[in-house]
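K.L.:
Residue numbers (this note's numbering): 399 to 605. Note that beta-carbon positions come from the ideal geometry of N, C-alpha and C, so glycine has one too.
As structure tokens, then:
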């Protein structure tokens, strides 16, 4: 299984709750990033300040609508504590890419802060997940074959073909119950677009 830690951007830039507005703006623009994490004295993530949190400072409406009061407060905020969005949508470093994709879909956020032991160790963007699909077929083929060999099946039993990220598995295994786990194993690998399982079996051990 490919985990979040394998594709995230490590060592995220963080600030303290007392970091000034201007310092945050310089960090974002100077590092080409769209957000920074806010950590307390113990290193725990307590919030995130994104570009969107800074933009209310450009507002010129002296009487913001009621529904914009939260953003109106940010329009006068001068430190990370008052600018940040909290709680933060996070993910564990050892979670699968499938879990990450589901979190992106449910939350609608552009990035997930990655935690290990409760402390931020990386940032995962939607683009990081999309980038996994650019993995070369030859590289993917090698990993799929390696995983299948670990199950004890040689090329005389199971053959693999990878084209444009689509993995086709052909062959004959002993038990019908062996087939579905193969599909799950392959589908969890980074870069797999689809698994086409063409495996046959010797005997049906599924009731």
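Would you call the CB atoms of residue 488 and residue 443 closer than 8 Å?
P.N.:
Result yes, Cβ atoms of residue 488 and residue 443 sit closer than 8 Å.
K.L.:
Would you identify the three-state DSSP class for residue 587, choosing helix, strand or coil?
P.N.:
The answer is coil: DSSP assigns residue 587 none of H, G, I, E or B.
K.L.:
Select from 435, 413 and 415 the residue whose C-alpha is nearest the C-alpha of residue 509.
P.N.:
Of 435, 413 and 415, the residue nearest in Cα terms is 435.
K.L.:
By the three-class DSSP mapping on this structure, what secondary structure does residue 418 have?
P.N.:
Correct three-state label for residue 418: strand.
K.L.:
In the DSSP assignment, find the unbroken alpha helix (DSSP H) run with residue 528 in it and report its ends.
P.N.:
That run of the alpha helix (DSSP H) goes 524-529.
K.L.:
Would you call the stretch 469-477 and the stretch 411-427 in contact, with 3 or more CB pairs under 8 Å?
P.N.:
Yes: the two stretches touch, three or more of their Cβ pairs being nearer than 8 Å.
K.L.:
Tell me, to the nearest whole angstrom, how far the beta carbon of residue 445 is from that of residue 483; I am working on the premise that it is less than 8 Å.
P.N.:
So it is a contact: roughly 6 Å between Cβ atoms.
K.L.:
From residue 501 to residue 540, what does the alpha carbon distance come to, in whole angstroms?
P.N.:
Computed Cα separation, rounded: 30 Å.
K.L.:
Whole angstroms is fine: what's the gap from residue 406's alpha carbon to residue 520's?
P.N.:
Roughly 6 Å between the two C-alpha positions.
K.L.:
Looking at residue 495 and residue 648, is the spacing between their C-beta atoms short of 8 Å?
P.N.:
Nothing about residue 648 can be read from this structure; the chain reaches only from 399 to 605.
K.L.:
Could you tell me the boundaries of the alpha helix (DSSP H) in which residue 481 lies?
P.N.:
From DSSP, the alpha helix (DSSP H) with residue 481 extends over 478-481.
K.L.:
Tell me the rounded alpha-carbon separation between residue 433 and residue 449.
P.N.:
Approximately 6 Å between the Cα atoms of the pair.
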